[in-house]
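Sequences listed follow chains C and W, in order. Going by the numbering used here, the first sequence opens with residue 24, and the numbers climb by one from there. Going by the numbering used here, the second sequence opens with residue 24, and the numbers climb by one from there. Before any comments, here is the structure.
There are 2 protein chains.
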Amino acid sequence: MQVFKNYLERFAKLNQEEWKLIESKVKTATLEKGEYFLRQGEVNKKLGFIRSGVCRYTFLNEQDEEITKYFIREQQWLSGGESFTQQIPSENSIQALTDTEIYVIHYDRYRQLFSEIRDWAVLIQRITEFSFAEKVKNISPMLSQDARTRYENFLRTQPDVVQRVSLGHVASYLGITQQSLSRLRRDLAQQA
Amino acid sequence: MQVFKNYLERFAKLNQEEWKLIESKVKTATLEKGEYFLRQGEVNKKLGFIRSGVCRYTFLNEQDEEITKYFIREQQWLSGGESFTQQIPSENSIQALTDTEIYVIHYDRYRQLFSEIRDWAVLIQRITEFSFAEKVKNISPMLSQDARTRYENFLRTQPDVVQRVSLGHVASYLGITQQSLSRLRRDLAQQA
DNA sequence: CTGTTTTTTTAACATTTGTGAAAAATCGCC
DNA sequence: GGCGATTTTTCACAAATGTTAAAAAAACAG
């Protein structure tokens, strides 16, 4: 769990007691490739943190296709956002794209920490802000870029993900069809 | 300030004392059309909340064009995100698109509230999450939609904004050229 | 009002991306 | 190792969007 502790301490110092408390509430679990951590319509009862593996966060578009909003990889959170913090049904799903090892904390125990650890709310606020900003920073510029630029930036910023997920999922994330991405790769390869 | 108080109370109850304390730290200010609330490269020293008007949150793309990431309107926050909470230089700018009246709180005073109001951190955490989720929910599906669908959804979800900002800014937000948006409108008008 | 600047529209053409269908390659399982 | 299922590639053509340039319309300042 050292990695998880280090991660948290990037956002706020924790004394030994506090860490013991957190550790006592965290379990480990695994997701098999293809398995869902959260399904659209469910209430998200647990928060996950990836130790190893890649997942995808999805939503259904108007045509009921499951679109990949973003990938979640090592040292990132599996969370349904408001579905977790407000315990309401989720509009999104989270699915493992590889076998995935995670740390898990249940909602009730998460809630307890607000009264048990003085700066817990501050820690959570910083993490929330950081995590959202990370996603927005990746996704937002894509709208004004052509497919090729989007793919090149994806390769640059998330090179590890490309290797581990299928082309179709990448295409979905980039907002283009699988065929277009395939063509794009050919063109890029020919140039080089 | 009643509107501002009501807004905050959607996220956490405030007793009279607490509200007085907040109120005492908040000032009103105005931005003229075209004026910047925050400039890229600056440290964001104050948090704003719009009483009336529309602004835009922007970033510079690879070609050094100022792209509109999203619009900010009544009852939404003017904040440079991590530039404010961590007092670091901002990658983004915020510019008024109409004359805008805002409530303002300085970073130092904002910080004080963490020790002065018991649930301030919780309040801020909820607002952070809500605000980000609001943006992401609008922006994220756009990638997998064609320009026409994006524009129609924009009209539906932010009808008030269309009236108040120039076509070019809308086009920038939608990720298309001004000419394409103009053409799109003509086609839509002809259909009706 | 009038001239100037900014914004919006229009048009012809180039380029990019989508579509539908099929072949090729790869993967997973027995 | 082989076979069915899945994923990736390829292709021809259609549709959407970008580009460049110019005209028209609207907003603004004096």
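Note that CB positions come from ideal geometry on N, CA and C, so glycine has one too. Owing to the predicted nature of the structure, the values given are computational and were not obtained by experimental measurement.
Tell me whether the beta-carbon of residue i lies closer than 8 Å to the beta-carbon of residue j.
i	j	result
W:Phe72	W:Ile140	no
C:Thr121	C:Arg187	yes
C:Arg173	C:Phe34	no
C:Cys78	C:Thr123	yes
C:Trp100	C:Leu70	yes
C:Glu114	C:Phe155	no
C:Ile162	W:Ser163	yes
C:Ser195	W:Asn84	no
C:Ala144	W:Ala52	no
Assuming residue i and residue j are in contact, meaning their beta carbons sit under 8 Å apart, how far apart are those beta carbons, in whole angstroms?
i	j	result
C:Phe60	C:Ala119	7 Å
C:Glu65	C:Pro112	7 Å
W:Leu204	W:Val193	6 Å
W:Gln63	W:Ser102	Actually they do not touch by this definition, with Cβ atoms about 14 Å apart.
W:Val159	C:Val159	7 Å
W:Phe94	W:Gln201	16 Å between Cβ atoms; not a contact.
For the candidate residues the options, whose alpha-carbon lies nearest to that of residue i?
i	options	result
C:Gly104	W:Ile90, W:Ile199, W:Gln63 and W:Phe153	W:Phe153
C:Ile45	C:Leu31, C:Arg74, C:Glu58 and C:Arg171	C:Leu31
W:Leu197	W:Met165, W:Leu207 and W:Asn84	W:Met165
C:Arg134	C:Glu114, C:Ser116 and C:Gln109	C:Gln109
C:Glu97	C:Phe107, C:Arg79, C:Glu85 and C:Ser75	C:Ser75
W:Glu88	W:Gly191, W:Asp210 and W:Val77	W:Gly191
W:Lys43	W:Met24, W:Glu157, W:Thr53 and W:Gly57	W:Met24
W:Asp210	W:Glu175, W:Pro182, W:Gln181 and W:Arg179	W:Glu175
W:Asp131	W:Ile95, W:Asn161, W:Ala52 and W:Asn67	W:Asn67
W:Arg216	W:His129, W:Ile199, W:Val26 and W:Phe94	Beyond the ends of chain W as shown, which are 24 and 215, falls residue 216 of chain W; an answer cannot be given.
C:Lys28	C:Asn161, C:Gln86 and C:Leu146	C:Leu146
W:Lys56	W:Ser189, W:Gln181, W:Ser195 and W:Ile162	W:Ser189
W:Ser47	W:Val127, W:Asp169 and W:Gln86	W:Val127
W:Phe107	W:Ile95, W:Gln86, W:His129 and W:Asp169	W:His129
C:Glu58	C:Gln214, C:Val26, C:Asp183 and C:Tyr80	C:Tyr80
W:Lys36	W:Asp142, W:Val49 and W:Val26	W:Asp142
W:Ser86	C:Asp169, C:Val26, C:Val49 and C:Asp183	Here residue 86 of chain W is Gln; the residue named in the question, Ser, does not match the sequence. Taking only the C-alpha atoms, the option nearest W:Gln86 is C:Asp169.
Give the residues of chain W in contact with residue i, contact being defined as C-beta atoms less than 7 Å apart.
i	result
C:Leu166	Met165, Leu166 and Gly198
C:Ile90	Ser167
Give me the chain C residues within the contact set of residue i, using Cβ-Cβ distance strictly less than 9 Å, ordered along the chain.
i	result
W:Asn84	Pro164, Ser167 and Gln168
W:Val188	Simply none; closest approach about 17 Å.
Give me the chain W residues within the contact set of residue i, using Cβ-Cβ distance strictly less than 8 Å, ordered along the chain.
i	result
C:Ile147	Gln148
C:Phe137	Val145
C:Val77	Under the 8 Å cutoff, chain W gives no residues; its nearest Cβ is about 19 Å from C:Val77.
List, in chain order, every chain C residue whose beta-carbon is nearer than 7 Å to that of residue i.
i	result
W:Thr81	The contacting residues do not exist; W:Thr81 stays about 11 Å from chain C at best.
W:Thr151	Gln148, Thr151 and Glu152
W:Glu156	It is worth fixing the name first, because residue 156 of chain W is Ala in this sequence and not Glu. Those are Gly104 and Glu105, listed as they occur along chain C.
W:Ala144	Ala144, Val145 and Gln148
W:Val185	Ordered by position in chain C, no residue passes the 7 Å Cβ test against W:Val185, which lies about 18 Å from the chain.
W:Val127	Per Cβ cutoff of 7 Å: no residues; W:Val127 is ~20 Å from chain C at best.
Output, in chain order, the set of chain C residues within a Cβ distance shorter than 8 Å of residue i.
i	result
W:Val66	Correct list: empty, because the minimum Cβ distance to chain C is about 16 Å.
W:Val193	Those do not exist, as W:Val193 stays about 13 Å from chain C at its closest Cβ, beyond 8 Å.
Given that residue i touches chain W, what residues does it touch there, using C-beta distances under 9 Å?
i	result
C:Thr108	Gln148, Arg149 and Glu152
C:Thr26	Checking the sequence shown, residue 26 of chain C turns out to be Val, not Thr. Per Cβ cutoff of 9 Å: no residues; C:Val26 is ~23 Å from chain W at best.
C:Val49	The premise fails here: C:Val49 is roughly 20 Å from chain W at the closest Cβ pair, so nothing lies under 9 Å.
What residue ranges within the stretch 128-197 of chain W form continuous alpha helix (DSSP H) runs of no fewer than 4 residues, ordered along the chain? 130-139, 143-162, 170-180, 182-187 and 190-197
Minimum length 3: unbroken beta strand (DSSP E) runs contained in the stretch 38-122 of chain W: 50-54, 59-61, 69-75, 78-83, 89-95 and 115-119
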